[in-house]
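Visitor: Got a structure for you, questions after.
Protein chains: 4
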Amino acid sequence: MSPASRYTYLGPEGTFTEAAIRTLPEAATRELIPMVSVPAALDAVRGGEAAGALVPIENSVEGGVTATIDELAAGEALMIYREVVLPISFALLVRPGTRLEEIKTVTGHPVAQPQVRRWLARHLPNVTWESAASNADGARLVQEGRYDAAFAGEFAAATYGLEALVSDIHDAENAETRFVLVGRPARPPAPTGTDKTSVVFWLTENHPGALLDLLQEYASRGVNMMRIESRPTGEGIGQYCFSVDCEGHIQDRRVADALMGLQRLSRKVRFLGSYPRADRQAPTVRAGTTDEAFSTAADWVMRCMDGRG
Amino acid sequence: MSPASRYTYLGPEGTFTEAAIRTLPEAATRELIPMVSVPAALDAVRGGEAAGALVPIENSVEGGVTATIDELAAGEALMIYREVVLPISFALLVRPGTRLEEIKTVTGHPVAQPQVRRWLARHLPNVTWESAASNADGARLVQEGRYDAAFAGEFAAATYGLEALVSDIHDAENAETRFVLVGRPARPPAPTGTDKTSVVFWLTENHPGALLDLLQEYASRGVNMMRIESRPTGEGIGQYCFSVDCEGHIQDRRVADALMGLQRLSRKVRFLGSYPRADRQAPTVRAGTTDEAFSTAADWVMRCMDGRG
Amino acid sequence: MSPASRYTYLGPEGTFTEAAIRTLPEAATRELIPMVSVPAALDAVRGGEAAGALVPIENSVEGGVTATIDELAAGEALMIYREVVLPISFALLVRPGTRLEEIKTVTGHPVAQPQVRRWLARHLPNVTWESAASNADGARLVQEGRYDAAFAGEFAAATYGLEALVSDIHDAENAETRFVLVGRPARPPAPTGTDKTSVVFWLTENHPGALLDLLQEYASRGVNMMRIESRPTGEGIGQYCFSVDCEGHIQDRRVADALMGLQRLSRKVRFLGSYPRADRQAPTVRAGTTDEAFSTAADWVMRCMDGRG
Amino acid sequence: MSPASRYTYLGPEGTFTEAAIRTLPEAATRELIPMVSVPAALDAVRGGEAAGALVPIENSVEGGVTATIDELAAGEALMIYREVVLPISFALLVRPGTRLEEIKTVTGHPVAQPQVRRWLARHLPNVTWESAASNADGARLVQEGRYDAAFAGEFAAATYGLEALVSDIHDAENAETRFVLVGRPARPPAPTGTDKTSVVFWLTENHPGALLDLLQEYASRGVNMMRIESRPTGEGIGQYCFSVDCEGHIQDRRVADALMGLQRLSRKVRFLGSYPRADRQAPTVRAGTTDEAFSTAADWVMRCMDGRG
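Below you can see the structure in the form of structure tokens.
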């Protein structure tokens, strides 16, 4: 297949990220290529070897989240075109025939461990846990006989010739992971009415209130922030950039206006895309912040300039 | 003369307002008409009987200040085109030949009294003060023999056949009054680099922070407020509008942008003009708030919308 | 009578201020002394010659408002102990027997003029208006035969042997004037649940946002501002102090906390008193700003310091 | 040894976290126990089996950072008593005698990969990378002959009988990881003048500006934020708590005052400790925010309450 029909994702096969990419309508007609890391998945897009990359960005059970945020902030620009939210629950995968009482060793990604801890304490209080490089790797190590059981997505069982002894294990209710489909910069998808907009910005100065001034650019236009995360810039401890998702689309006047404010007042800002929200929840638009309110205000100022205010 | 060559002012003749209007370059070629009150002076402009009106707006020794602010906020729209700042000092006017020790009664506008109080206590501790309707009226009452002396501008002496027994009386250092030249709405004078912009706005709601939100519209664009005054709206005690002067001209992008914010977030806003500052002091323009910064930000958002951010 | 039983007020007799002072329960047992000006009324209190002074502070039809604000901000400290709100309406006072159609000249305080303008235009379109130093002075001048009629409070008729030809004249609905009873500093009256607190503060620096920072001290504690007025400090045009009334009593934790913030962040702040609101309207107290919330927060921080957070 | 002399850390042996814990003065006299995960390390402290736990909290090359933040926010309360900042650079570890040109496969923690990517592209462009569960695990797999080389801290060489073929590999300049020493709640260490204070708070409501209001509590007291991170609360995507470090010690009045504000205005706040900054950089204390300024303000309000303001 050509690069245009190729998507990369954070591998290996059998992880939650693969499950997420398979929920995309176009997945059936794409070549899906697992990559060793988030940077590798994204670099394939940057290099033109793939049209898109699906990577976890929030609350992952596979790791990779901060790598995603950092990669989107640095290097050649990329953009987010879609998000996928996947409920997370684990299966306890074993070689066919293994019984619960025979399990002495379990494995899984380190990030999975706290999410199954309470289940383990209750049902397998005496097993030994050892970490694997990914949940899928853990499954492979069970296949190879190195461990008795692995925590992984139930979908990984088939890949590694294992069976799910227990399903739907998750200590926290409503555990979810959010993934994003990333591509090279292009015109964002058209507004749907339930969109979000992602940026990353760097503060001009490190004074009390510098961050506040930038967040104010959102708040003063009634633009709700959905996520804010500080990330070290790599310029030393204490130097941060901020990764922020807000409600709305860059074609919404209140969002465009807030972004202009960010651009003026920050050291640097990178637009990471406007794209449909997975939860399709409509934003509350405050009085004075509709597109019409912005048009009316701009017209009024024009009239004032002409002495017809 | 035609209405176009007629200016009204807060009378009567012989007050500081007349002195102020005579500082205007065009005063020599205008018919200058004293009016009984600020509303009367402004109504003559509204009615087309005069091209402009000069009225005190700040720190007056003649009264009329709140009347001016209220009149500009209500009724048919007017605009400010120029400001005049006049140092204020009083002369003690007497009938020719009167000596200081003969003075038993003095008069003047009530607002003048606190400004000459310390002088009176030192030099005429035993005189009786009675109020007059204006400083000029006080001078007239001295001419008529009703009082021995009046505090007024030295320029009033000639009008009323009096002489200035003492000059340059003012308890406060740097006492000044600011006057504005008001006309019917038209295109504001071109930016000079040292301008100010006046508006009056009404809060949408009376919640803690409603005013703050509007002042934030100035501050977030680095636009310095020069004066803020709350005025009752006439809708009952506790209902206010705000009269605000800020640095800059409506053609400055940061000012236009702030005004748009005010328009969106307030119940009502009235543009009262952009005009040269009397003190010709240049504003400090903060990084990220120059016209160029606004253009760059608008261009950037446009490019983001096109996928070229 | 002794100074302790003496109240001064902004005179002369027959003005709205006299009407206001007579509404005080203790007025019957006090010697009420009209003074020539607000400063004179307040100085009598400062000098120990009177226990209190009643002066207009807001929306006056007699002038004196800015004088009151400025006097409370400067000189020896004074405090507000009570407020009186008086509905304002004018009577047209004439010498007994005068008929409406005989009136050719009217007088009144300049501030009264705009409040009766519409009435005049409808009922006496051809009369000549001349200003008087106070509404009461206007009445006196009618008594003396100098004018045909005066606008003043109806209560002034008796004093000057006049009769009210027309009553209840006021262009604006709900016209009111607020007066304050001022005394030397002492412990404020106990909280009533519907109080207000007055201060005046001076900004440390004149930068964009300096005022905002101080107003934020109110807003962040949910303390509603009721009035804000900028006043020139007398240090030159462009230098202001701010006179602010807010809901609540200094013994309310949220108010005390806000005042501490003002004290820290302003160049100077003067406490002008906590006293019952005339309108007895209870404030909305936002979650997290009750006295209990402040106590809980202080306790929590103490426990954190002890490692029991 | 007794639990009191036992410290746990995020294992296994040979990772950067072990290197960090060995920089503590008391490390020589403590039993240092590697744990399989951050939760396991912290639970040992909660359960009383260890006196402290050293875990990475920022910019880790071992993962575990968000686990640390989430663990400190949830479950039984813990506190931070110290921080350790370690410069991060990798060594390429091989079995003794291996030459660079013989290396066909390399391994390491997934988070290490982006940090050595540029080095790999230049010096070993054709090797195959496979991920390990930790850098130390990678070293063990090289020891076992499964891979030719591993990226890990140079200190890991001895543990696994390997040698460092190349040292000081790090794509980013100034790469550092910050670790914290965590214990059960107790009185924080005394202020040193260069301290930081950590909290985690939950927003009361998810409205535009809710976060802003809380950050304002820091900014309005001149308290500089050093780190802010949003973390999902586990109540579903879109629900966050905020992990914030600020300059100063809870015994600094400005910090205590800001914490009180947070406590009042947030749904919940957890104090995570005041402890010395690793960089010993003194904070800038803004005018009006010194301990003395707070005392003066409190005294002033007390005097006002007594009528001696």
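Protein chains in written order, with the numbering used here: chain A, 1 to 309; chain B, 310 to 618; chain C, 619 to 927; chain D, 928 to 1236. Using N, Cα and C, we set each Cβ at its ideal position, and we do this for glycine too.
1) Could you tell me which chain G residues have their CB closer than 9 Å to the CB of Ser220(A), listed as they occur along the chain?
2) Count the other CB atoms within 10 Å of the CB of Ser311(B); is the residue buried (16 or more) or exposed (fewer)?
3) Three-state secondary structure (DSSP) at Thr914(C)?
4) Count the other CB atoms, across all protein chains shown, that sit within 10 Å of the CB of Asp1206(D); report buried if there are 16 or more and exposed otherwise.
5) Three or more beta-carbon pairs under 8 Å between the segment 327–344 of chain B and the segment 496–508 of chain B, yes or no?
6) Are any of the Cβ atoms in chain C nearer than 9 Å to that of Glu439(B)?
7) In whole angstroms, what is the alpha-carbon distance linking Val1054(D) and Val1011(D)?
8) If the criterion is Cβ atoms closer than 9 Å, does the pair Val223(A) and Cys241(A) meet it?
9) Which chain D residues sit within Cβ distance under 7 Å of Asp597(C)?
10) I'd like to know whether the C-beta atoms of Asp380(B) and Val347(B) end up nearer to each other than 9 Å.
11) Determine the DSSP secondary structure at Glu781(C), reduced to helix, strand or coil.
12) I'd like the list of long-range same chain contacts for Glu453(B), defined as Cβ closer than 6 Å, with 5 residues on each side in sequence excluded.
13) Check distances from the C-beta atoms of the segment 587–599 of chain B to those of chain A and list, in chain order, the residues that come in under 8 Å.
14) CA-CA distance, Cys613(B) and Thr605(B)?
15) Are the C-beta atoms of Ala376(B) and some chain C residue less than 9 Å apart?
16) Against chain A, does Val610(B) count as a neighbour if the rule is that its beta carbon must be under 9 Å from one of theirs?
17) Output, in chain order, the set of chain A residues within a Cβ distance shorter than 9 Å of Tyr1167(D).
18) Hey, is Gln1070(D)'s beta-carbon within less than 9 Å of any beta-carbon in chain A?
19) Taking the alpha-carbon of Gly417(B) as reference, which of Asp446(B), Arg493(B) and Val578(B) has the nearest alpha-carbon?
20) Which value, in whole angstroms, describes the spacing of the CA atoms of Tyr147(A) and Val166(A)?
21) Give the single residue among Arg122(A), Glu154(A), Gly48(A) and Glu58(A) whose Cα lies nearest to the Cα of Met226(A).
22) Which residues does DSSP list as the beta-bridge partners of Met260(A)?
23) Per DSSP, what kind of secondary structure is Thr5(A) in: helix, strand or coil?
24) Taking only beta-carbon positions, decide if Glu13(A) is within less than 9 Å of chain D.
25) Given that Ala1220(D) touches chain C, what residues does it touch there, using C-beta distances under 7 Å?
26) Below 8 Å CB to CB, which residues in the same chain sit around Ile996(D) once its five sequence neighbours on both sides are set aside?
27) Run the CB neighbour count on Leu880(C), radius 10 Å, all protein chains shown included, and call it buried at 16 or more, exposed below.
28) Count the other C-beta atoms from every protein chain shown that fall within 10 angstroms of the C-beta of Gln834(C), then say buried if there are 16 or more, exposed otherwise.
29) With the cut-off set at 9 Å, would you say Ala671(C) and Thr626(C) are in Cβ contact?
30) Do Ala448(B) and Leu409(B) have their C-beta atoms closer together than 9 Å?
31) Where does Ala349(B) land, buried or exposed, given buried means 16+ other C-beta within 10 angstroms?
32) To which residues of the same chain is Ile250(A) closer than 8 Å at the C-beta, ignoring the five residues directly before and after it?
33) How would you label Pro334(B), buried or exposed, when you count the other beta carbons within 10 angstroms and need 16 or more for buried?
34) Scan the segment 327–407 of chain B and note each continuous alpha helix (DSSP H) run of 4 residues or more that stays entirely inside, going in chain order.
35) Just mark Gln113(A) as buried or exposed, buried being the case when its beta carbon has 16 or more other beta carbons within 10 Å.
36) For chain A, is any of its Cβ atoms less than 9 Å away from the one on Met388(B)?
Guide: Once the coordinates are examined:
1) The structure shown contains no chain G; the protein chains it does contain are A, B, C and D.
2) For the purposes of this step, residue 311(B) is identified with residue 2 of the second sequence, where counting begins at 1. Answer is exposed; the Cβ neighbour count stays below 16.
3) Position 296 of the third sequence, counted from the start, is the residue given in the question as residue 914(C). Three-state DSSP puts Thr914(C) in a helix.
4) For the purposes of this step, residue 1206(D) is taken as the residue at position 279 of the fourth sequence. Exposed, by the Cβ-count rule.
5) no
6) As a position in the second sequence, residue 439(B) is number 130, starting the count at 1. Glu439(B) counts as touching chain C.
7) Along the fourth sequence, read from residue 1 onward, the residue named residue 1054(D) stands at position 127. Along the fourth sequence, read from residue 1 onward, the residue named residue 1011(D) stands at position 84. Straight-line Cα distance between these residues: approximately 34 Å.
8) In the first sequence, the residue the question calls residue 223(A) occupies position 223. In the first sequence, the residue the question calls residue 241(A) occupies position 241. In this structure, Cys241(A) does not lie closer than 9 Å to Val223(A) by Cβ.
9) Missing from the structure shown is residue 597(C); chain C here goes from 619 to 927 and no further.
10) By 1-based counting over the second sequence, the position of residue 380(B) is 71. By 1-based counting over the second sequence, the position of residue 347(B) is 38. Reading the sequence as shown, one finds Glu at residue 380(B) and not Asp. Yes, the pair counts as a contact, with Cβ atoms nearer than the cut-off.
11) Taking the first residue of the third sequence as 1, we reach residue 781(C) at position 163. DSSP places Glu781(C) in strand when its eight states are reduced to three.
12) What you label residue 453(B) is simply residue 144 of the second sequence in a count that begins at 1. None.
13) Ala596, Gly597 and Thr598
14) Start at 1 with the first residue of the second sequence, and residue 613(B) comes out as number 304. Start at 1 with the first residue of the second sequence, and residue 605(B) comes out as number 296. Taking the straight line from one Cα to the other gives about 12 Å.
15) Working through the second sequence from its first residue, we reach residue 376(B) at position 67. Chain C contact via Cβ: present.
16) In the second sequence, counting from the first residue as 1, residue 610(B) sits at position 301. Chain A contact via Cβ: present.
17) Against the fourth sequence, residue 1167(D) aligns to sequence position 240. Result: Met226, Arg227 and Ile228.
18) Working through the fourth sequence from its first residue, we reach residue 1070(D) at position 143. Not one chain A Cβ lies under 9 Å of Gln1070(D).
19) Counting from 1 along the second sequence, the entry for residue 417(B) is found at position 108. Taking only the C-alpha atoms, the option nearest Gly417(B) is Asp446(B).
20) Counting from 1 along the first sequence, the entry for residue 147(A) is found at position 147. Counting from 1 along the first sequence, the entry for residue 166(A) is found at position 166. About 16 Å.
21) By 1-based counting over the first sequence, the position of residue 226(A) is 226. Selected option, being the one with the closest Cα: Glu58(A).
22) Here residue 260(A) is taken as the residue at index 260 of the first sequence, counted from 1. None; Met260(A) has no bridge partner.
23) Taking the first residue of the first sequence as 1, we reach residue 5(A) at position 5. It should be pointed out that residue 5(A) corresponds to Ser in this sequence rather than to Thr. If DSSP states are grouped into helix, strand and coil, Ser5(A) belongs with the helices.
24) Taking the first residue of the first sequence as position 1, residue 13(A) is located at position 13. No, no contact with chain D.
25) Residue 1220(D) sits at position 293 when you count from the first residue of the fourth sequence. Those are Arg882, listed as they occur along chain C.
26) Within the fourth sequence, residue 996(D) is the residue found at index 69, counting from 1. Cβ neighbours of Ile996(D) beyond the five flanking positions: Ile984, Val1127, Glu1156, Arg1158 and Ser1170.
27) Counted from its first residue, the third sequence places residue 880(C) at position 262. When all chains shown are included, Leu880(C) counts as buried.
28) Locating residue 834(C) in the third sequence gives position 216, counting from the first residue. Buried, since its Cβ has 16 or more Cβ neighbours within 10 Å.
29) In the third sequence, the residue the question calls residue 671(C) occupies position 53. In the third sequence, the residue the question calls residue 626(C) occupies position 8. Cβ distance < 9 Å, so Ala671(C) and Thr626(C) count as in contact.
30) Position 139 of the second sequence, counting from 1, holds the residue named residue 448(B). Position 100 of the second sequence, counting from 1, holds the residue named residue 409(B). Cβ distance not < 9 Å, so Ala448(B) and Leu409(B) don't count as in contact.
31) Here residue 349(B) refers to the residue found at position 40 when the second sequence is read from its first residue. Result: buried.
32) Walking along the first sequence from the start, residue 250(A) turns up at place 250. Excluding positions up to five away in sequence, the list reads Pro188, Thr197, Ala256, Leu259, Phe271 and Ser274.
33) Start at 1 with the first residue of the second sequence, and residue 334(B) comes out as number 25. The residue is exposed, with fewer than 16 neighbouring Cβ atoms inside 10 Å.
34) 347–355 and 374–382
35) The residue given as residue 113(A) occupies position 113 in the first sequence. Gln113(A) comes out buried.
36) Taking the second sequence and counting its residues from 1, the one referred to as residue 388(B) is at position 79. So yes, Met388(B) belongs to the interface.
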